[in-house]
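Sequence order for the protein chains is P and X. Each residue of the first sequence is one higher than the one before, counting from 793 in this note's numbering. Each residue of the second sequence is one higher than the one before, counting from 793 in this note's numbering. C-beta atoms are modelled at their ideal positions from N, C-alpha and C, and glycine is treated no differently. Just so we're clear, the structure is a prediction, and the values are computed from it rather than from any experiment.
Number of protein chains: 2
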Amino acid sequence: MSLDRSLIAGLPGFAGLDAGDLDAVLARARSSRFPKDTEVFAQGAQAGSFFLLLAGHIRVVRTSPEGHQVIARYINEGELFGIAMAMGRTTYPASAVAAVDCVVLTWPNAAWPELQALAPAFGASAYRTIGTRLQETQAQVMEMSTQQVEQRIANALLRIVSQSGKKTPEGIEIDFPITRQDIAEMTGTTLHTVSRLLSAWEGEGLVKSGRQKVVITDPHALMLMADSRRRK
Amino acid sequence: MSLDRSLIAGLPGFAGLDAGDLDAVLARARSSRFPKDTEVFAQGAQAGSFFLLLAGHIRVVRTSPEGHQVIARYINEGELFGIAMAMGRTTYPASAVAAVDCVVLTWPNAAWPELQALAPAFGASAYRTIGTRLQETQAQVMEMSTQQVEQRIANALLRIVSQSGKKTPEGIEIDFPITRQDIAEMTGTTLHTVSRLLSAWEGEGLVKSGRQKVVITDPHALMLMADSRRRK
DNA sequence: CCGAGTGTTTGCGCCAGCGCAAACTGCGGT
DNA sequence: ACCGCAGTTTGCGCTGGCGCAAACACTCGG
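What follows is the structure, encoded as structure tokens:
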């Protein structure tokens, strides 16, 4: 069973490749399904492969020696992940867990140079991805240093929604299940605080939230919330 | 005036190059001196060059729109920095300021592919650098989410000292001037808190500190401090 | 030697957000 | 239809660390 070219034809890393090249890229890949809440790879495991998310949403989680969990990011459809080896690592620095049922392409590390040779844009795109993530992570550090919890949560929601938002009659909805606990782990707070805040916002008509679901009903007001310059 | 090969011969990115190659690498570079507290490049500026620190210490600072400053990292001798273009950026995401008088090699962006061609290890080394920084930054996010201020500061000091520590009869000293404010900006706290903590530690004989100077007299005790599992 | 500037220390009051605990609710399974 | 669990809400008390402010101590230039 071979994979259809259309799966990857539209992605930035493979732009401008002809049918033959696309097939060659796919020839080395294996496609697999990960049911909700299963691990694609585990933190600390030997990094033998890298991945591309074809469908679904993936949560990248870091666990501290003390057992604390932090959500480093969510991976969206079409993104590379688990590219430890491109960063010169031999081991995955975090775990990847399917937030919903996912479809994933897997390449062995050995395919990395081949892909780069085949698709000149692939390497550049991958490195740009890493660079972008470094930026985002540094931005997160800034946020955590300088902003109040309220603003951090607002920012986090806006960020998610901008990447994985689904329009509904009520507003923009996060299109994968997300718990208060998840939001807390993204923003360095507790589920209690997140819950309180969301309740408050719901009261003000900014958001509408239910079990593992959040809908932003007034994005503009949330944006104001997100960067209301505090103190001074 | 040409640059001596020995300047870069020992660096990981240029390992195994012969004299001619090294000269070729240096031919494209310009060496310059940056006095203490001068900017090598400014956040937001067009990224036309990338840099290698030959001597000194450089502080990488991000400033938020509100004017808050955060120290993203310190660059040590022999490290690349300002490699925005390798990450697909056209603009520097942070400012680089000389913490002491520095000597810096500068290449125009155009030299990037040439260096990669000349020194196969160069590209890999650069990407590993970015990867490492991503790891470190993510680790910092975890730290800020899960640890108390006390531990974050201890960790920050240990990290600095492990990279830029100078042994003295009294202990290990940070070998560039660093203020309480700097430490606060690295750890997301205030200079007040840092000052109080350092005073307390000085009382317990863990550190010895003065104006823009910190000496770790009992690294082991500090390490205990750094990862004393808190609550539960 | 003096003054100015920069970095540091310290006291005090306060409050955002956490820890703990208990109750509640909606969903999925049998 | 029911039960059980996972996720959520909410109250309450406490405290770590911040904001503010004032005094202090080096160091450097003149």
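Let me know the secondary structure DSSP gives P:T882 once reduced to three states.
-> coil
6 Å CB neighbourhood of P:K958 in its chain, flanking five on each side removed | E965, D967
Quick one: grab the DSSP three-state call for X:L803.
-> coil
Whole-Å CB distance - X:I867 paired with X:I850, under 8 Å assumed | 4 Å
Beta-carbon spacing of X:I755, X:Q932 below 8 Å = The structure shown does not extend to residue 755 of chain X, since chain X spans only 793 to 1024, so no value can be given for it.
P:T938 and X:E928 closer than 8 Å at C-beta | no
Burial state of X:S794, where buried means 16 or more other Cβ atoms lie within 10 Å = In the assembly as shown, X:S794 is an exposed residue. Its beta-carbon has fewer than 16 other beta-carbons within 10 Å.
Cβ distance (whole Å) where X:I922 is taken to contact P:I922 below 8 Å | 6 Å
Considering only C-alpha positions, which residue in the set X:G802, X:F806, X:R797, X:S798 is nearest to X:A913?
-> X:F806
Cα-Cα separation between X:C894 and X:E871, rounded to whole angstroms = 13 Å
Taking just the CA atoms, how far does P:R881 sit from P:N901?
-> Looking at the two C-alpha atoms, the distance is approximately 11 Å.
Three-state class that DSSP yields for X:E994 in the structure shown | helix
Cβ of P:G880 within 8 Å of any chain X Cβ = yes
Got a sec? Which residues, its chain only, sit under 6 Å from X:R822 by beta carbon, not counting five neighbours each side?
-> Beyond the five residues adjoining it in sequence on each side, X:R822 comes within less than 6 Å, by CB distance, of T898 in the same chain, given in chain order.
Can you check DSSP and say which residues form a bridge with X:W899?
-> Beta-bridge pairing links X:W899 to X:F842.
Per-residue contacts from X:I922 into chain P (C-beta, under 9 Å) = The contact set of X:I922 on chain P, defined by CB atoms closer than 9 Å, consists of M879, Y919, I922, G923, L926 in chain order.
Give the DSSP bridge partners of P:F826, in chain order.
-> P:C894
Distance between beta carbons of X:D829 and X:A886, contact taken as under 8 Å = Contact between X:A886 and X:D829 does not hold, since the beta-carbon distance rounds to 16 Å and is not under 8 Å.
Buried or exposed (CB count within 10 angstroms, at least 16 for buried), P:T981 = buried
Alpha helix (DSSP H) segments (min. 4 residues) lying fully within the region 952 to 984 of chain P = 972 to 979
Cβ-Cβ separation, X:A948 to X:T979 (assumed contact under 8 Å), whole Å | 5 Å
Within chain P, partners of X:Q943 - CB distance below 8 Å = Here the premise fails: no neighbours, minimum Cβ distance about 11 Å.
Could you name the residues of chain P that X:A916 contacts, counting a contact when the two beta carbons are closer than 9 Å?
-> G880
Out of curiosity, what's the CA-to-CA distance linking X:A918 and P:L998?
-> Inter-residue distance for X:A918 and P:L998 is about 44 Å (C-alpha atoms, whole angstroms).
Could you tell me the distance, in whole angstroms, from the CA atom of P:Q908 to the CA atom of P:V853?
-> 28 Å
Where X:R1023 and P:H860 are concerned, what is the direct C-alpha to C-alpha distance, given to the nearest angstrom?
-> Low local confidence applies: a pLDDT of 45 at X:R1023 is under 50, so the model's placement there is unreliable, and no value is given.
CB contact flag (X:L989, X:I952, <8 Å) | no
Looking at the unbroken beta strand (DSSP E) that takes in X:R865, where does it start and where does it end?
-> 861 to 867
Going along chain P, which residues have a C-beta under 7 Å from X:H1012?
-> Neighbours of X:H1012 on chain P: none; closest Cβ ~18 Å, over 7 Å.
Neighbourhood of P:A811 by C-beta distance below 8 Å, restricted to the same chain and skipping five residues each side = R797
Nearest chain X C-beta to P:P885 closer than 8 Å, yes or no?
-> yes
So with Cβ pairs under 8 Å, would you call X:R854 a contact of chain P?
-> yes
Residue-level contact to chain X via CB, P:G802, 8 Å cutoff = no
Would you kindly work out how many angstroms separate the C-alpha atoms of P:R920 and X:P961, rounded to a whole number?
-> 46 Å
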